[in-house]
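Protein chains in written order, with numbering that gives the first Met the number 0: chain L, 0 to 163; chain S, 0 to 163. Notes to accompany the following structure.
Number of protein chains: 2
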Amino acid sequence: MESPQKQEKYLSRAIDLAIRNVDNGGGPFGALIVTADGREFEGLNRVTATNDPTAHAEVTAIRAACAGIENFDLTGATLYTSCEPCPMCLASALWARVDSVVFAADRHDAAAVGFDDAEFYEFFDQPVAERSMPVVQYTPVGTDAPTPTAPFEQWTNLESRIEY
Amino acid sequence: MESPQKQEKYLSRAIDLAIRNVDNGGGPFGALIVTADGREFEGLNRVTATNDPTAHAEVTAIRAACAGIENFDLTGATLYTSCEPCPMCLASALWARVDSVVFAADRHDAAAVGFDDAEFYEFFDQPVAERSMPVVQYTPVGTDAPTPTAPFEQWTNLESRIEY
């Protein structure tokens with residue numbers, strides 16, 4: 000974890016990004032990735048601006064950082080974000096191998112202005128049969144249909160595969 | 000939910016996309032979004048190919064569909080995917096307002112070839128203090144520091160805001 004002075008600086012910058020993003024047609028969210036070697040990459044919420052529901056500030060910061068260091072692995076990085084990350088952003092940070100996340104406003108502050116992530120957190124706690132969005136397994140039965148594990152067999156047979 | 004014939008067709012196509020993606024330098028995952036009006040958008044896993052840890056097949060399909068229909072809301076759409084979605088992909092589908100998700104292989108099939116999402120699912124079940132990636136709140140204290148809720152105040156004062 001960074002020193003309190005650096006946390007102060009980086010988190011303030013994420014909040015400032017969020018403020019400016021509102022004036023620029025984006026949502027009120029900003030983020031900053033600081034890599035293990037101190038490089039900084041900004042992220043902004045561009046959901047409505049770019050018609051991309053996955054373009055949360057944290058996700059755009061992760062994408063920018065990975066593009067910048069030319070690696071899909073951000074081990075040693077810290078993610079600073081103006082607001083508590085939703086489950087999508089947390090899982091994105093896990094996949095990116097981010098070390099830790101520091102946030103300013105929390106989910107209740109966000110809900111008070113109409114950004115309510117509560118159902119997203121609850122989704123993962125609900126019994127599968129009661130979920131708001133059904134997620135069901137199906138196995139193709141046609142004689143020409145590929146088997147569900149065919150892609151994995153193709154993968155394990157590929158010598159040049161890059162594991163992650 | 001679509002008819003079994005259509006599920007068969009669309010899910011088989013997602014699996015075929017996954018198989019072909021392996022030959023094209025991608026991970027063994029493919030997905031297909033079918034919108035409420037029947038338009039189809041493909042998604043491929045391009046994590047290592049594009050250095051984007053968020054480029055799972057489901058996420059790239061959602062992005063492609065939203066770009067294609069020029070809207071961040073996929074209400075009425077079904078997401079077909081060659082493998083059970085991870086928490087990032089599920090949360091992305093929730094944000095995109097996808098109606099339902101149909102998958103072929105499951106998380107255990109994926110783990111058997113080295114793609115183990117178990118820690119991601121467990122992350123959301125763990126007590127905050129025990130999480131593998133710390134997620135902590137901090138409030139800047141400097142006299143010049145922005146307040147955590149300043150972006151939200153900017154947002155609620157903006158008449159042209161697009162809520163989502």
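Even glycine gets a Cβ: it sits at the ideal position worked out from N, Cα and C.
Query raised in the report: Ordered along the chain, which non-local residues of its own chain (more than five positions away) have a Cβ less than 8 angstroms from that of Asn44/S?
Result: Position 45 of the second sequence holds residue 44/S. Closer than 8 angstroms at Cβ, skipping near neighbours: Ala17, Asn20, Gly25, Gly26, Pro27, Phe28, Gly29, Ala54, His55, Ala56, Thr59.
Requested in this report: For Phe40/S, decide whether its Cβ has a neighbour in chain L, counting only Cβ atoms nearer than 9 angstroms.
Outcome: For the purposes of this step, residue 40/S is taken as the residue at position 41 of the second sequence. No, its Cβ sits nowhere closer than 9 angstroms to a Cβ of chain L.
Query raised in the report: Do you know how far the Cα of Val140/S is from the Cα of Pro147/S?
Result: Looking up residue 147/S in the second sequence gives position 148. Looking up residue 140/S in the second sequence gives position 141. For Pro147/S and Val140/S, the distance between alpha carbons rounds to 10 angstroms.
Report task. Quick one: grab the DSSP three-state call for Ala110/L. Result -> Here residue 110/L refers to the residue found at position 111 when the first sequence is read from its first residue. Residue state, collapsed to three classes: helix.
Report task. Give the straight-line distance between the Cα atoms of Val100/S and Ala66/L, rounded to the nearest whole angstrom. Result -> Against the second sequence, residue 100/S aligns to sequence position 101. Against the first sequence, residue 66/L aligns to sequence position 67. So the alpha carbons of these two residues sit roughly 30 angstroms apart.
**Report entry** chain S contacts made by the stretch 21–50 of chain L, where a contact means CB separation under 9 angstroms
**Finding:** Val21, Asp22, Gly24, Gly26, Pro27, Phe28, Gly29, Val46, Thr47, Ala48, Thr49, Asn50
Requested in this report: Identify whether Ser81/L lies in helix, strand or coil by the three-state DSSP scheme.
Outcome: In the first sequence, the residue the question calls residue 81/L occupies position 82. If DSSP states are grouped into helix, strand and coil, Ser81/L belongs with the strands.
Query raised in the report: Taking Cβ positions only, does Pro84/S come closer than 9 angstroms to chain L?
Result: Here residue 84/S refers to the residue found at position 85 when the second sequence is read from its first residue. Yes, because at least one Cβ of chain L sits closer than 9 angstroms to the Cβ of Pro84/S.
Query - Proximity test, Cβ basis, 9 angstroms: Thr168/S and chain L - result: Lying before the first or after the last residue shown, residue 168/S is absent from chain S, which here runs from 0 to 163.
Query raised in the report: Along chain L, in chain order, which residues have C-beta atoms closer than 7 angstroms to that of Val112/S?
Result: Your numbering for residue 112/S matches position 113 in the second sequence. Neighbours of Val112/S on chain L, chain order: Phe151, Trp154, Thr155.
Requested in this report: Following the continuous alpha helix (DSSP H) through Gly67/L, name the residue where it begins and the one where it ends.
Outcome: In the first sequence, the residue the question calls residue 67/L occupies position 68. 56–68 is the extent of the alpha helix (DSSP H) around Gly67/L.
Query raised in the report: Start and end of the beta strand (DSSP E) containing Val127/L?
Result: Working through the first sequence from its first residue, we reach residue 127/L at position 128. Val127/L -> no beta strand (DSSP E), and no H or E assigned at all.
Requested in this report: Quick one: grab the DSSP three-state call for Leu73/S.
Outcome: To locate residue 73/S, count along the second sequence from 1; it is residue 74. Coil, per DSSP.
Query raised in the report: Do you know how far the Cα of Phe114/L is from the Cα of Glu39/L?
Result: Locating residue 39/L in the first sequence gives position 40, where the first residue counts as 1. Locating residue 114/L in the first sequence gives position 115, where the first residue counts as 1. Taking the straight line joining both Cα atoms gives about 27 angstroms.
Query raised in the report: So what does DSSP say about Glu39/S, is it helix, strand or coil?
Result: Your numbering for residue 39/S matches position 40 in the second sequence. Strand, per DSSP.
Query raised in the report: If you compare alpha carbons, which of Ala35/S, Val134/S, Asp72/S is closest to Tyr163/S?
Result: Within the second sequence, the letter at position 164 stands for residue 163/S. Closest option to Tyr163/S, Cα to Cα, is Asp72/S.
Query raised in the report: Which chain L residues are close to Ala95/S, counting only those with a beta carbon under 7 angstroms from its beta carbon?
Result: By 1-based counting over the second sequence, the position of residue 95/S is 96. Chain L residues near Ala95/S: Pro52.
**Report entry** alpha helix (DSSP H) segment containing Ala92/S, residue limits
**Finding:** Residue mapping note: residue 92/S aligns to position 93 of the second sequence, counting from 1. Ala92/S -> alpha helix (DSSP H) spans 86–94.
Query - Residue-chain proximity (Leu115/L, chain S), Cβ-Cβ < 9 angstroms - result: Numbered from its first residue, the first sequence carries residue 115/L at position 116. According to the sequence as given, residue 115/L is Asp; it is not Leu. Not closer than 9 angstroms to any Cβ of chain S, the Cβ of Asp115/L fails to qualify, so no.
Report task. Please look up how many angstroms separate the CB atoms of Glu83/L and Ala64/L, rounded, as I've assumed it's under 8 angstroms. Result -> By one-based count along the first sequence, residue 83/L stands at place 84. By one-based count along the first sequence, residue 64/L stands at place 65. In fact, because the Cβ distance is near 20 angstroms, the residues do not count as touching under 8 angstroms.
**Report entry** Counted within 10 angstroms of its Cβ, other Cβ atoms place Gly37/S as buried (16 or more) or exposed
**Finding:** Translated into positions along the second sequence, residue 37/S becomes position 38. The residue in question, Gly37/S, is exposed, as its Cβ has fewer than 16 Cβ neighbours within 10 Å.
Query raised in the report: Where does Ser11/S fall in DSSP's three states?
Result: Position 12 of the second sequence, counted from the start, is the residue given in the question as residue 11/S. Helix at Ser11/S.
Query raised in the report: Ala35/L to Lys5/L, Cα distance in whole Å?
Result: The residue labelled residue 35/L in the question sits at position 36 within the first sequence. The residue labelled residue 5/L in the question sits at position 6 within the first sequence. About 13 angstroms.
Query raised in the report: Any idea what DSSP makes of Val135/S, helix, strand or coil?
Result: Locating residue 135/S in the second sequence gives position 136, where the first residue counts as 1. Correct three-state label for Val135/S: strand.
Query raised in the report: For the alpha helix (DSSP H) that contains Phe151/L, what are its first and last residues?
Result: One-based indexing of the first sequence puts residue 151/L at position 152. Run containing Phe151/L: 149–155, per the alpha helix (DSSP H) assignment.
Report task. Check Ile161/S in the structure and name its three-state DSSP category. Result -> Position 162 of the second sequence holds residue 161/S. In this structure, Ile161/S counts as coil in the three-state DSSP scheme.
Report task. Report the neighbours of Ser2/S on chain L: residues whose CB is nearer than 8 angstroms to its CB, in chain order. Result -> The count along the second sequence starts at 1 and reaches residue 2/S at position 3. What Ser2/S touches in chain L: nothing, since even the nearest Cβ is about 12 angstroms away.
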